[in-house]
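Student: Read left to right, the sequence shown gives residues 32 to 417 (the working numbering). Just so it is clear, CB atoms sit at the ideal spot from N, CA and C, and this is done for glycine as well.
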Amino acid sequence: ALVLGFGTFFTWLALGEDVSFALERMVTVMVICCPHALGLAVPLVAAISTSISAKNGLLIRNRTAFEASRKISTIVFDKTGTLTKGSHEVVRIVPLSSDYDKTELLKYATAVESPSEHHISKGLRRKAKEENIEIPSVTDFKYNAGVGVSGTVNGKKVQAGGYVLMEQLNKEVAEDKDEGIETKIFTIVDDEVIGFVTFADEIRESSFEAIKILQKNNIKVFLLTGDNDKVAKDVADKLGLDDYMAEVLPDQKQDKIIELQAKGEFVAMTGDGVNDAPALAQADVGIAIGSGTDVAAETADIVLVDSNPKDIANLLLFGKATYRKMVQNLVWATGYNIVALPLATGFIPGLMISPAFGAALMSISTIICAVNAQLLKGSLKSKVDN
């Protein structure tokens with residue numbers, strides 16, 4: 032502003048105009064070039080979008096990632112607790128040993144799982160409480176991510192886990208004629224498979240709408256889960272997902288994100304557990320569900336207070352709306368200076384503005400940027416509703 036102002040002043044003096052005229056042009060140029068609107072164009076939108084997001088339960092920890100959300104081409108969902116309710120209610124208790132009935136099977140399975148905060152453990156504890164079963168304590172507890180748990184219960188070595196654990200122990204799994212779309216957890220006591228417990232996890236109603244919104248906006252939706260292929264396929268088919276990845280161990284989730292990125296995808300990852308943390312960190316945009324673990328929340332770029340998948344769709348569309356407002360403000364602020372500056376210099380014959388009028392234009396430009404930024408307040412919910 033100073034360079035252009037003094038440049039205008041000395042140019043008019045060189046052209047033979049008097050000092051008062053040159054001074055008036057200089058002041059007008061400086062007023063027009065004062066970068067109030069340009070300086071507010073982006074920060075004001077950023078501040079308002081952060082405030083609006085927080086009020087709607089979307090906590091932005093990384094603004095760069097939030098603003099980059101407009102580029103997302105693929106979003107990867109963890110299943111349990113994100114697309115589903117994560118309740119894992121017990122469906123069947125099936126003993127496979129004559130030495131253990133349903134009560135004993137549930138007792139040992141719950142005991143060895145009890146120190147864990149996994150959804151399976153919570154489901155077992157609820158069932159045991161419902162059946163008024165007293166759960167013995169467990170010692171030497173060990174958790175093997177993606178495989179299972181182990182410990183000592185009543186002096187016996189007890190293990191619990193899914194098909195991965197059974198494969199590692201070289202245990203044969205008898206055909207289950209009643210097997211449905213369930214998560215199955217086996218219990219092994221002193222190297223004997225005493226039975227299994229199956230769990231069902233209900234899909235959230237909001238997941239269906241969220242997926243439709245994302246796909247409508249040309250975003251591919253993938254499922255990433257450690258559950259067996261049958262369960263993953265059932266959830267993917269019901270929700271109409273573009274693809275799914277099943278039986279993925281926790282240390283493999285990050286690799287799956289890397290594979291998608293290598294194909295040129297701009298990837299968002301959503302999850303709620305400790306197992307999801309590396310994948311959340313690897314993704315271009317990591318989104319943690321607020322009801323999940325602290326580790327997931329600390330790793331993610333954005334945290335959702337509520338466990339509502341629709342908020343994820345809401346968030347991504349709001350990110351696009353925020354970026355558009357930034358661009359609009361920058362275009363207006365820059366365009367205003369480009370148009371008003373020649374008028375301020377007085378070099379266009381017959382077109383000249385006074386310092387007072389220039390100050391008014393500058394104020395109006397700033398107000399327009401502020402009002403445009405405020406329009407974001409109505410976009411967070413209306414984008415999804417539309």
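State the Cα-Cα distance for the pair D49 and G70, rounded to the nearest angstrom.
Tutor: Here residue 49 refers to the residue found at position 18 when the sequence shown is read from its first residue. Here residue 70 refers to the residue found at position 39 when the sequence shown is read from its first residue. Answer to the nearest angstrom: the Cα atoms are 34 angstroms apart.
Student: Return helix, strand or coil for V188, following the three-state DSSP convention.
Tutor: Counting from one through the sequence shown, the residue named residue 188 turns up at place 157. It is worth fixing the name first, because residue 188 is Lys in this sequence and not Val. Residue state, collapsed to three classes: strand.
Student: Terminal residues of the continuous beta strand (DSSP E) containing G226?
Tutor: Working through the sequence shown from its first residue, we reach residue 226 at position 195. Looking at the DSSP string, the run of the beta strand (DSSP E) that includes G226 is E223 to A231.
Student: According to the Cβ coordinates, are L291 and T105 closer than 8 angstroms?
Tutor: Taking the sequence shown and counting its residues from 1, the one referred to as residue 291 is at position 260. Taking the sequence shown and counting its residues from 1, the one referred to as residue 105 is at position 74. Result yes, Cβ atoms of L291 and T105 sit closer than 8 angstroms.
Student: From this set, T113, L44 and I399, which residue's C-alpha is nearest D303's C-alpha?
Tutor: Translated into the one-based positions of the sequence shown, residue 303 becomes position 272. Checked all of T113, L44 and I399; the closest Cα to D303 is T113.
Student: In angstroms with no decimal places, state the Cα-to-Cα distance between T218 and T95.
Tutor: Stepping through the sequence shown from its first residue, residue 218 is reached at position 187. Stepping through the sequence shown from its first residue, residue 95 is reached at position 64. If you take the alpha carbons of T218 and T95, they lie about 46 angstroms apart.
Student: Kindly indicate which residue of V62, H149, D273 and G389 has the alpha-carbon position closest to the one of L254.
Tutor: Taking the sequence shown and counting its residues from 1, one reaches residue 254 at position 223. Cα-wise, what sits closest to L254 is D273.
Student: So, using beta-carbon positions, are N403 and N339 closer together than 8 angstroms?
Tutor: In the sequence shown, the residue the question calls residue 403 occupies position 372. In the sequence shown, the residue the question calls residue 339 occupies position 308. It is not a contact, given that the beta carbons lie outside the stated cut-off.
Student: Just the C-alpha distance for K419 and G295, rounded to the nearest angstrom, thanks.
Tutor: Examination of residue 419 is not possible in this model, given that the chain is present from 32 through 417 alone.
Student: Using only the alpha-carbon positions, how far apart do N175 and F349 sit?
Tutor: One-based indexing of the sequence shown puts residue 175 at position 144. One-based indexing of the sequence shown puts residue 349 at position 318. Roughly 39 angstroms between the two C-alpha positions.
Student: Checking the sheet assignment: what are the DSSP bridge partners for R123?
Tutor: As a first step, residue 123 is located in the sequence shown; it is residue number 92 there, counting from the start. Per DSSP, T229.
Student: Inspect the beta-carbon positions of I288 and A314 and report whether they are closer than 8 angstroms.
Tutor: Stepping through the sequence shown from its first residue, residue 288 is reached at position 257. Stepping through the sequence shown from its first residue, residue 314 is reached at position 283. In this structure, A314 lies closer than 8 angstroms to I288 by Cβ.
Student: Give me the Cα-Cα distance between K215 and V189, rounded to the nearest whole angstrom.
Tutor: As a working mapping, residue 215 is identified with position 184 in the sequence shown. As a working mapping, residue 189 is identified with position 158 in the sequence shown. If I take the Cα positions, the gap works out to 17 angstroms.
Student: Is it a yes or a no for the region 161-173 touching the region 130-144, going by three-plus beta-carbon pairs under 8 angstroms?
Tutor: Because the criterion of three Cβ pairs below 8 angstroms is met, the region 161-173 and the region 130-144 touch.
Student: Quick one, are the C-beta atoms of A142 and V184 less than 8 angstroms apart?
Tutor: Start at 1 with the first residue of the sequence shown, and residue 142 comes out as number 111. Start at 1 with the first residue of the sequence shown, and residue 184 comes out as number 153. Result yes, Cβ atoms of A142 and V184 sit closer than 8 angstroms.
Student: Going straight from the alpha carbon of A331 to that of V169, what length do you get?
Tutor: If you number the sequence shown from 1, residue 331 lands on position 300. If you number the sequence shown from 1, residue 169 lands on position 138. If you take the alpha carbons of A331 and V169, they lie about 33 angstroms apart.
Student: Between S145 and chain D, is there a C-beta pair that is closer than 8 angstroms?
Tutor: The structure shown contains no chain D; it is built from a single protein chain.
Student: I2 by DSSP, collapsed to three states: which one?
Tutor: Residue 2 is absent from the model: the chain starts at 32 and stops at 417.
Student: Check whether the Cβ atoms of T42 and G389 sit closer than 8 angstroms, and answer yes or no.
Tutor: Walking along the sequence shown from the start, residue 42 turns up at place 11. Walking along the sequence shown from the start, residue 389 turns up at place 358. Cβ atoms of T42 and G389: not closer than 8 angstroms.
Student: Using the rule of at least 16 other Cβ atoms within 10 Å of the residue's Cβ for burial, across every protein chain shown, is D109 buried or exposed?
Tutor: Against the sequence shown, residue 109 aligns to sequence position 78. Buried.
Student: Who pairs with F249 in a beta bridge, going by DSSP?
Tutor: As a working note, residue 249 is residue 218 in the sequence shown. First, the amino acid is wrong: residue 249 is Asn here, not Phe. Note: N249 sits in no beta bridge, so no partner.
Student: From A78 to D342, what distance separates their C-alpha atoms?
Tutor: If you number the sequence shown from 1, residue 78 lands on position 47. If you number the sequence shown from 1, residue 342 lands on position 311. Going by the C-alpha atoms only, they are around 20 angstroms apart.
Student: Can you tell me whether A387 is buried or exposed? The criterion is at least 16 other CB atoms within 10 Å of its CB, across all chains shown.
Tutor: Walking along the sequence shown from the start, residue 387 turns up at place 356. A387 comes out exposed.
Student: Does DSSP classify Y131 as helix, strand or coil?
Tutor: For the purposes of this step, residue 131 is taken as the residue at position 100 of the sequence shown. Looking at Y131 - three-state DSSP - the assignment turns out to be coil, as it is neither helix nor strand.
Student: Look at the alpha carbon of D286 and the alpha carbon of I124, and state the distance between them as a whole number of angstroms.
Tutor: Counting from 1 along the sequence shown, the entry for residue 286 is found at position 255. Counting from 1 along the sequence shown, the entry for residue 124 is found at position 93. Those two C-alpha atoms are separated by around 35 angstroms.
Student: When the Cα atoms are used, what is the spatial distance from E120 to K138?
Tutor: Walking along the sequence shown from the start, residue 120 turns up at place 89. Walking along the sequence shown from the start, residue 138 turns up at place 107. E120 and K138: Cα-Cα distance of roughly 16 angstroms.
Student: Label G47 either buried or exposed according to how many other C-beta atoms from any shown protein chain fall within 10 Å of its C-beta, with 16 as the threshold for buried.
Tutor: The residue labelled residue 47 in the question sits at position 16 within the sequence shown. It is exposed - the Cβ of G47 has fewer than 16 other Cβ atoms within 10 Å.
Student: Could you tell me the alpha carbon to alpha carbon distance between R235 and L392, rounded to whole angstroms?
Tutor: Indexing the sequence shown from 1 puts residue 235 at position 204. Indexing the sequence shown from 1 puts residue 392 at position 361. Distance between the alpha carbons of R235 and L392 is about 52 angstroms.
Student: Could you check where the beta strand (DSSP E) with L90 kicks off and where it finishes?
Tutor: Taking the first residue of the sequence shown as position 1, residue 90 is located at position 59. Note, L90: beta strand (DSSP E), L89 to I91.
Student: Is S152 helix, strand or coil when you go by DSSP?
Tutor: For the purposes of this step, residue 152 is identified with residue 121 of the sequence shown, where counting begins at 1. Looking at S152 - three-state DSSP - the assignment turns out to be helix.
Student: Assuming G179 and D337 are in contact, meaning their beta carbons sit under 8 angstroms apart, how far apart are those beta carbons, in whole angstroms?
Tutor: Position 148 of the sequence shown, counted from the first residue, corresponds to residue 179. Position 306 of the sequence shown, counted from the first residue, corresponds to residue 337. Wrong, their Cβ atoms sit about 31 angstroms apart, outside the cutoff.
Student: How many angstroms separate the CA atom of K251 from the CA atom of A267?
Tutor: Taking the first residue of the sequence shown as position 1, residue 251 is located at position 220. Taking the first residue of the sequence shown as position 1, residue 267 is located at position 236. About 12 angstroms.
Student: Quick one, are the C-beta atoms of M357 and V76 less than 8 angstroms apart?
Tutor: In the sequence shown, residue 357 corresponds to position 326, counting from 1. In the sequence shown, residue 76 corresponds to position 45, counting from 1. Result yes, Cβ atoms of M357 and V76 sit closer than 8 angstroms.
Student: Quick one: is D307 buried, meaning 16 or more other Cβ sit within 10 Å of its Cβ, or exposed?
Tutor: Taking the sequence shown and counting its residues from 1, the one referred to as residue 307 is at position 276. Buried is the call here.
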